[in-house]
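One structure is given here, and the rest of the page talks about it.
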Amino acid sequence: MVEDWKSKLSKTSTSTYVVLAVIAVVFLITARRPKSSKGKSGKGSSNKSKKTKSQFEKAPVPLTLEEQIDNVSLRYNNELRGRSSDLINRFNAEDEKDIYERNYCNEMLLKLLIELDGIDLINVDESLRKSLKNKRKAVIKQIQGMLKSLDSLK
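In this text, residue positions in the sequence shown follow UniProt numbering: the first is 1, and each later residue adds one.
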């Protein structure tokens, strides 16, 4: 039996053994890798049985188109309108903090405009589309007015 193996080994080329070894290594690496290792370091992976509360929570419910528009409007009114108005009243073109604040408010307002632009009203019923368009248009005009005021500070 040993003689059979010796004769078979001598007949098989070395490259065949290299290919088999590579296949075995690849198989072992993929078989040992955890299935959900995305974004995790290898540390602490032994605590697989511990589940946190957030893992069992449901995914957030997508907002309706009207809620998306209202969300942008609320963020503008609560976060940026007062901040931008205060900046306009006290702006000093030589103060670097004021220039930074102006640029920050400008960027955040543009971000809100981009969010409003991403609200797709094409597949909406005609009667609802008109009211949503008017609502979105009003918010866009508010934001553009504030952007115009901020741009006049330059």
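Glycine included, each C-beta is placed from N, C-alpha and C at the ideal position.
Just so we're clear, the structure is a prediction, and the values are computed from it rather than from any experiment.
Euclidean distance between Cα positions of residue i and residue j
i              : j            : result
serine 73      : leucine 28   : 55 Å
valine 22      : threonine 16 : 10 Å
serine 85      : leucine 65   : 28 Å
isoleucine 143 : proline 60   : 27 Å
leucine 147    : valine 26    : 57 Å
Extent of the continuous alpha helix (DSSP H) to which residue i belongs
i              : result
leucine 87     : 82-90
isoleucine 122 : No alpha helix (DSSP H) contains isoleucine 122, which DSSP labels as neither H nor E.
asparagine 71  : 65-75
DSSP state of residue i mapped onto helix, strand, coil
i            : result
serine 152   : coil
alanine 59   : coil
aspartate 98 : helix
alanine 138  : helix
Chain-order list of residues whose beta-carbon lies under 7 Å from that of residue i (same chain, five-residue window excluded)
i           : result
arginine 81 : Met146
leucine 63  : Asn71
Other residues of its chain near residue i: CB distance less than 8 Å, five sequence neighbours each side excluded
i             : result
asparagine 92 : Asp98
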